[in-house]
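Below you'll find the structure, written out as C-alpha cells, and then a few comments.
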Amino acid sequence: MSVLTPAGGLRASTTQQERLLSFEGRYRREQSTRLFWTLGYALLFFAALLASINASDFSLPGLVKGLPMAWNYIAGTLPKLSIATFGADMADWYWGLNYWLRLLLETILMGFAGTVLGGLLALALCFPASRNLVANGSVYFIARRTLEFCRTVPELVFALIFVFAFGLGPFAGVLAIAVHTAGSLGKLFAEVNENVDPRPIEGVRAAGGNWPMVMRLAVVPQALPNYASYLLLRFEINVRGASALGIVGAGGIGQDLYVAIRQFEYTDISAIMLLLIATTSVIDILCEFIRHRLIGHDLTGSA
Amino acid sequence: MTVALHADIARLKRSNPEIFARPLLARLRDWSLWLVFLGLVAFALWWIDASPMRIFNGLSKLGMLVGLMIPPWPGDGFWDYCRAMLETIAMAFLGTVIAAVIAVPLGFLGAKNIVPNWLFHFTLRRFFDAFRGIDGLVWALIFVSAVGLGPFAGVLAIAVGDVMVLGKLFAEAIENVDKKPVDGVRASGGGGLHVVRLGVLPQVFPVMMSHVLYFFESNVRSATILGIVGAGGIGLQLSDRIRINNWQQAAFIILMILVTVAIIDAISRRIRARLV
Numbered sequence: 001m002s003v004l005t006p007a008g009g010l011r012a013s014t015t016q017q018e019r020l021l022s023f024e025g026r027y028r029r030e031q032s033t034r035l036f037w038t039l040g041y042a043l044l045f046f047a048a049l050l051a052s053i054n055a056s057d058f059s060l061p062g063l064v065k066g067l068p069m070a071w072n073y074i075a076g077t078l079p080k081l082s083i084a085t086f087g088a089d090m091a092d093w094y095w096g097l098n099y100w101l102r103l104l105l106e107t108i109l110m111g112f113a114g115t116v117l118g119g120l121l122a123l124a125l126c127f128p129a130s131r132n133l134v135a136n137g138s139v140y141f142i143a144r145r146t147l148e149f150c151r152t153v154p155e156l157v158f159a160l161i162f163v164f165a166f167g168l169g170p171f172a173g174v175l176a177i178a179v180h181t182a183g184s185l186g187k188l189f190a191e192v193n194e195n196v197d198p199r200p201i202e203g204v205r206a207a208g209g210n211w212p213m214v215m216r217l218a219v220v221p222q223a224l225p226n227y228a229s230y231l232l233l234r235f236e237i238n239v240r241g242a243s244a245l246g247i248v249g250a251g252g253i254g255q256d257l258y259v260a261i262r263q264f265e266y267t268d269i270s271a272i273m274l275l276l277i278a279t280t281s282v283i284d285i286l287c288e289f290i291r292h293r294l295i296g297h298d299l300t301g302s303a
Numbered sequence: 001m002t003v004a005l006h007a008d009i010a011r012l013k014r015s016n017p018e019i020f021a022r023p024l025l026a027r028l029r030d031w032s033l034w035l036v037f038l039g040l041v042a043f044a045l046w047w048i049d050a051s052p053m054r055i056f057n058g059l060s061k062l063g064m065l066v067g068l069m070i071p072p073w074p075g076d077g078f079w080d081y082c083r084a085m086l087e088t089i090a091m092a093f094l095g096t097v098i099a100a101v102i103a104v105p106l107g108f109l110g111a112k113n114i115v116p117n118w119l120f121h122f123t124l125r126r127f128f129d130a131f132r133g134i135d136g137l138v139w140a141l142i143f144v145s146a147v148g149l150g151p152f153a154g155v156l157a158i159a160v161g162d163v164m165v166l167g168k169l170f171a172e173a174i175e176n177v178d179k180k181p182v183d184g185v186r187a188s189g190g191g192g193l194h195v196v197r198l199g200v201l202p203q204v205f206p207v208m209m210s211h212v213l214y215f216f217e218s219n220v221r222s223a224t225i226l227g228i229v230g231a232g233g234i235g236l237q238l239s240d241r242i243r244i245n246n247w248q249q250a251a252f253i254i255l256m257i258l259v260t261v262a263i264i265d266a267i268s269r270r271i272r273a274r275l276v
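Here the protein sequences come in this chain order: Z and Y.
In terms of our numbering, the numbers along the first sequence are unbroken and rise by one, the last being 303.
In terms of our numbering, the numbers along the second sequence are unbroken and rise by one, the last being 276.
Set out below in C-alpha cells:
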C-alpha cells in the first residue's frame with residue numbers, strides 16, 4: 001500500500017522497515033513474557049512437587065524398593081493354575097464361591113437400595129434447589145447448602161458415623177450411600193430442572209396450578225429421562241462404592257475382602273477382586289443398555 | 001357448549017381409541033416392570049433389615065452424637081490436623097502427577113488412530129475398563145499391606161487407581177483429534193514422532209490438562225479418607241478420633257475437610273476456565 005503513495009517511495013519503505021522492526025520487537029517481547037510465565041508456572045509446579053514429596057515421605061529409593069514389593073504382593077495373590085488339574089485348581093481358588101456370591105448380592109442390594117432412597121431424597125430436594133423454580137432466596141440457599149454438605153462429606157465418614165449409631169451391617173452402609181447419593185444427584189437434578197422449557201410452567205400456572213402441580217405437570221415430565229439416566233449412572237458408582245464400605249463394617253463383600261487382605265490369604269484376595277471386577281463390568285453394561293433404551297441415542301452424549 | 005364438547009370427546013374416543021388409552025399389553029408391561037422394581041426395593045429393605053424400630057433407635061443415637069459434636073473443637077491437635085491435611089493434599093497431588101505421567105504413553109497406545117491394530121486396541125481398552133471396578137480404598141488397603149503404613153501407600157493407591165481411567169480418557173481425547181493438522185505434518189515430510197509432537201499433542205494437551213485437574217480435585221476428596229485403612233493423612237486422624245469417641249474433634253476435622261475441598265474446587269475451577 002505505502003509503495004503506491006506518489007511523493008514518498010523512500011519514506012514509505014522506511015516506514016515499512018520500521019514497522020517490521022517494531023513488529024519483531026513486539027514479537028520478541030511477547031515471546032519473552034510467554035517464556036517468563038511458562039517458566040514461572042513450571043517453577044510453581046516443581047515447588048509443589050517438591051513440597052508434596054517432602055510431605056508424603058515419598059522418596060525415590062522408597063519407590064524403587066516399594067514397587068517390586070507391591071508387584072510381588074500383587075503377583076503373589078494370583079493362584080497357581082495348571083491345565084492338567086484345572087478343575088481342581090479353580091475349585092481350590094474359588095473355595096468360598098457360594099458365600100462370596102451372597103456377599104456380592106448384598107453389595108449390589110446395598111448399592112440399589114442406597115440409590116433408590118438417595119434418589120427419592122434428591123427428588124424431594126432438587127425442586128427447592130433450582131433457581132428458576134423458587135422465588136424465596138433463603139429456601140434456595142438452604143437447599144443448596146444441604147446438598148453441598150451431603151455431597152462433600154465422604155461416604156465413608158457417613159458410614160463410620162452410621163455404623164456407630166445403627167450398629168454394624170449393611171443398614172448403615174445403605175444410609176451412608178443414600179445420603180451421599182442425595183447430595184450428588186440432587187445437584188444434577190437441579191441442573192436438569194434449571195434447563196427445562198419455561199413455557200409449560202407458565203401454562204400450568206396460567207391454568208391455576210399451585211406449586212406442587214407446576215412441579216408435577218410441567219417440570220417432571222420434561223426432566224424425567226435425564227433423571228433416570230443420572231440415576232443409572234449413580235447406581236454404577238454406588239455398587240463400586242458399596243464394595244469399599246464393608247471395610248469400616250458396613251456390610252457387603254468389602255468386609256470379607258478386608259479380612260482376606262489383613263490375614264494375608266493371598267489367593268482369596270485375587271478371587272474376590274476378580275468377582276468384583278466382573279460384577280461391576282456386568283452392571284456397567286446393563287445400565288448402559290437400559291440408558292440407551294430409555295432416552296435413545298440423542299441424549300446419551302450429554303449424560 | 002360443554003355438553004357438545006363432552007359428546008365430541010366421547011365420539012372421538014370411540015372412533016380412535018388408541019389415542020386415549022394405551023394398549024393393554026403396553027400397560028401390563030409397564031405395571032409389571034413397576035411391580036418388579038417395587039419388589040426389588042422391598043427385598044433390599046428386608047435384606048438390610050430396615051425395621052422402623054431400628055431406624056428410630058438409630059436416629060435417637062444419631063441425635064445424641066450430633067449433640068456431642070457441638071461445638072466442633074480442635075482441642076490441642078490443631079497443628080497436627082493442619083499437617084495431616086497438607087499430607088493428604090500432597091498425597092493427592094503426587095498420586096495424580098504419577099498417574100498422569102504413566103497414562104500419557106498408555107493413552108497413545110490405546111488410541112485407535114495411533115496404534116491401528118484391532119486386537120491390541122481391544123485388549124488394552126478392556127484392561128483399562130477392568131481396573132475401574134476397584135474402589136480406591138481397596139487399592140489403599142492392598143498397598144498398605146504391600147509397602148507398610150503411611151502416606152506412601154496412599155500415593156501408590158491413588159496413582160494405580162487413576163492410571164487406567166486417565167489412560168482411557170487420554171486415549172479417547174487422542175482419538176477425537178482433527179485429522180487435518182496430522183495430514184499437514186505428514187504432507188510436509190514429518191515422521192511418526194513429528195506427527196505426534198506437532199499434529200496431535202497441541203490439540204489434546206488442553207483436554208488432558210483439564211482431565212488431570214479434575215482428577216486432582218476428586219483425588220483430594222478421596223484422599224481425605226484413605227487414612228481410615230492406614231494410608232496416612234487427615235483420614236487417619238479422623239478415624240482415630242471416631243474410634244476414641246472424641247466427637248467434637250471429629251466434627252472439627254470434618255469441617256476442615258469441607259473447607260479444604262471447597263478451596264481446592266474454587267482454585268481448580270479457575271485454572272480450568274483459563275486453560276480450556
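Glycine included, each C-beta is placed from N, C-alpha and C at the ideal position.
| query | result |
| --- | --- |
| Quick check on Asn210/Z: does DSSP put it in helix, strand or coil? | coil |
| Listing by chain order, which chain Z residues have their CB less than 9 Å from the CB of Val147/Y? | Gly62, Lys65, Gly66, Leu67, Met69, Ala70 and Tyr73 |
| State whether the region 270 to 284 of chain Z contacts the region 247 to 263 of chain Y, with contact taken as three or more CB pairs (one from each stretch) at a distance under 8 Å. | no |
| Taking the alpha helix (DSSP H) that Trp79/Y falls in, what are its first and last residues? | Phe78 to Gly110 |
| Just the chain Y side, please: which residues come within less than 7 Å of Pro154/Z by C-beta, in chain order? | Arg221, Thr224 and Ile225 |
| How long is the line joining the alpha carbons of Gly246/Z and Ser32/Z, rounded to whole angstroms? | 56 Å |
| Candidates Ile283/Z, Lys65/Z and Ile253/Z: which alpha carbon is nearest Leu97/Z's? | Ile253/Z |
| Taking the alpha carbon of Ala111/Y as the reference point, which residue from Gly77/Y, Lys168/Y and Gly75/Y has its own alpha carbon closest? | Lys168/Y |
| Suppose contacts are defined by Cβ-Cβ distances below 8 Å. Is Ala231/Y in contact with Ala157/Y by that definition? | yes |
| Distance check for Asp129/Y and His297/Z, CA to CA, integer angstroms please. | Caution applies to His297/Z, whose pLDDT of 48 falls short of 50 and renders its modelled position unreliable; the model cannot decide the point. |
| Could you check where the alpha helix (DSSP H) with Glu217/Y kicks off and where it finishes? | Leu201 to Leu226 |
| So, is Ile261/Z buried or exposed, given that buried needs 16 or more other C-beta atoms within 10 angstroms? | buried |
| Over the uninterrupted alpha helix (DSSP H) stretch that includes Phe43/Y, give me the two end residues. | Leu24 to Trp47 |
| Rounded to the nearest angstrom, what separates Val115/Y and Pro151/Y at their Cα positions? | 37 Å |
| Say whether the region 167 to 183 of chain Y touches the region 195 to 202 of chain Y, bearing in mind that this needs 3 or more beta-carbon pairs closer than 8 Å, one atom from each stretch. | yes |
| State yes or no: is the beta carbon of Ile253/Z nearer than 8 Å to at least one beta carbon in chain Y? | no |
| Please return the same chain residues whose Cβ sits closer than 7 Å to the Cβ of Arg144/Z, not counting the five positions on each side in sequence. | Ala129 |
| Do the CB positions of Ala48/Z and Phe93/Y come within less than 8 Å of each other? | yes |
| What distance in whole Å lies between the Cβ atoms of Val163/Z and Ile254/Y, which are believed to be in contact at a cut-off of 8 Å? | About 16 Å; that fails the 8 Å criterion. |
| Could you give the uninterrupted runs of the alpha helix (DSSP H) lying entirely in the region 102 to 131 of chain Z, keeping only those of 4 residues or more? | none |
| For my contact list, Gly58/Y and Ala165/Z are in at a C-beta cut-off of 8 Å; report their separation, rounded to the angstrom. | 5 Å |
| Quick check on Asp57/Z: does DSSP put it in helix, strand or coil? | coil |
| Which residue from Arg293/Z, Ala271/Z, Tyr266/Z and Ser281/Z puts its Cα closest to that of Asn72/Z? | Tyr266/Z |
| Could you work out which residues of chain Z lie near Glu87/Y, taking near to mean beta carbons separated by less than 7 Å? | Ala55 and Ser56 |
| Using alpha carbons as the reference points, say which of Ala266/Y, Gly107/Y, Ile267/Y and Ile234/Y lies closest to Ala251/Y. | Ile234/Y |
| Could you name the residues of the same chain whose beta carbon sits closer than 6 Å to that of Val179/Z, not counting the 5 residues immediately before and after it, in chain order? | Cys150 and Phe158 |
| Can you list, in chain order, the residues of the region 112 to 137 of chain Z whose Cβ is nearer than 7 Å to any Cβ on chain Y? | Phe112, Ala113 and Val116 |
| Taking buried to mean at least 16 other C-beta atoms within 10 Å of its own C-beta, is Gly227/Y buried or exposed? | buried |
| Within 8 Å (strictly less), CB to CB, does Gly281/Y reach chain Z? | Here chain Y has residues from 1 to 276 only, and residue 281/Y is not among them. |
| Since Trp139/Y and Gly161/Y are thought to touch, with beta carbons under 8 Å apart, how far apart are those beta carbons, to the nearest angstrom? | 5 Å |
| Within 8 Å of any Cβ in chain Y, is that where the Cβ of Glu106/Z sits? | yes |
| What whole-angstrom Cβ distance do Leu392/Z and Leu168/Z have, given they're in contact under 8 Å? | Shown here, chain Z extends from 1 to 303; a query on residue 392/Z therefore has no answer. |
| Which same chain residues, not among the five before or five after Gly301/Z, have their C-beta less than 7 Å away from its C-beta? | In this prediction, Gly301/Z has a pLDDT of 41, which is less than 50 and means its spatial position is unreliable; what the coordinates show is noted afterwards. None. |
| So, with DSSP's three-state summary, where would you put Ser229/Z? | helix |
| Hey, would you say Ser282/Y sits closer than 8 Å to Leu193/Y, going by beta carbons? | This structure cannot settle anything about residue 282/Y, because the visible part of chain Y is limited to 1 through 276. |
| At 7 Å on the CB atoms, spell out the chain Z contacts of Asp129/Y, in chain order. | Ser281 |
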